[in-house]
Amino acid sequence: LEQYQLLVETVGDPMYILDTEGSITLANKALAEMLGCSREQLVGKHASEFLVADGYQRGGDRLATILDDPTTDWGTYEVRICTTDGQEIPVEINIAPVTTETEGYKSSVGVVRDISARKRRERRLEALYSTSRNLIDVTRFEEAVDITISAAEDVLGMEVAGLYAPAADNPDQMVPVAATKGVETLFDESPTIPRGEGLVWRVYESEQPIFAADVRE
Numbered sequence: 001l002e003q004y005q006l007l008v009e010t011v012g013d014p015m016y017i018l019d020t021e022g023s024i025t026l027a028n029k030a031l032a033e034m035l036g037c038s039r040e041q042l043v044g045k046h047a048s049e050f051l052v053a054d055g056y057q058r059g060g061d062r063l064a065t066i067l068d069d070p071t072t073d074w075g076t077y078e079v080r081i082c083t084t085d086g087q088e089i090p091v092e093i094n095i096a097p098v099t100t101e102t103e104g105y106k107s108s109v110g111v112v113r114d115i116s117a118r119k120r121r122e123r124r125l126e127a128l129y130s131t132s133r134n135l136i137d138v139t140r141f142e143e144a145v146d147i148t149i150s151a152a153e154d155v156l157g158m159e160v161a162g163l164y165a166p167a168a169d170n171p172d173q174m175v176p177v178a179a180t181k182g183v184e185t186l187f188d189e190s191p192t193i194p195r196g197e198g199l200v201w202r203v204y205e206s207e208q209p210i211f212a213a214d215v216r217e
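The numbering of the sequence shown is our numbering, which starts it at 1 and goes up by one.
Take a look at the structure:
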């Protein structure tokens, strides 16, 4: 237990120790900062006060499974924690029981990891898969354009995105077929691009995608 206490005090990841009743006996600075309070305010609080819905029960069930399996020392589960200002954060908790040879189960130690970014990536991937499925069923060019531009803006967060094609009456002019609202905000209206100017024409003529780290160059 002293070794775990030293670990909690020194590591940079949010960590805690709970007693057998689920009350916090030790929490490090990183956890206090995540929850928006002081370490002193955390000590003595029941863990369920900071876990959303059935989070505490799930942790208890996970701990019981570990204790029942002599081949397992620790486990992981996902839950949402609630900060003191009411913000909910998705986290992954690595939990392990602290046992002694004479007294058995004495407490539990946990490492908390913010997985907000991972969840955003997962939601983005799911939305892109959905976009791909929608495109498979499209029969009209205009519909495909609308789906693609909407995905660029809503899923990928591209404020300035558009689809261009040569004008029907002037093949030397590239005109916008569709664009995000950010294009109109930036340019007042979607610009027409003369042949040979800019990345759009280079992409069109080469039929290859281009990545520009800095479009000003």
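Note that CB positions come from ideal geometry on N, CA and C, so glycine has one too.
Apart from the 5 residues on each side of it in sequence, L156 has no Cβ closer than 6 angstroms to any other Cβ in its chain. Assigned with DSSP and collapsed to three states, R195 falls in coil, not helix or strand.
In the structure shown, the three-state DSSP call for K181 is helix.
For the pair of segments examined, the segment 167-184 was found not to touch the segment 208-215: the number of CB pairs separated by less than 8 angstroms stays below three. Boundaries of the alpha helix (DSSP H) around G60: G55 to D68. In this model, R80 and E103 are separated by some 32 angstroms (Cα to Cα). Separation of P166 and V175 (C-alpha to C-alpha, rounded to the nearest whole angstrom) is 6 angstroms. Between T83 and G36 a beta carbon distance of about 5 angstroms is seen, short of the 8 angstroms cut, so the two are scored as contacting.
In this model, G75 and A117 are separated by some 22 angstroms (Cα to Cα).
The C-alpha of V43 is placed about 8 angstroms away from the C-alpha of S23.
Under the DSSP assignment, L7 falls in the alpha helix (DSSP H) whose first and last residues are E2 to T10. Taking a contact to require three or more Cβ pairs closer than 8 angstroms, the segment 143-150 and the segment 108-124 do not qualify as touching. Inclusion of V183 and V160 in the CB contact set at 7 angstroms is warranted, their separation being smaller than that value. The shortest C-alpha to C-alpha distance from Y129 to any of V112, M34, A151 and T139 is the one to A151. Residue pairing by DSSP places G110 opposite Y16 and I95 in a beta bridge. Closest in C-alpha terms to N94, from the list L125, Y105 and G59, comes G59.
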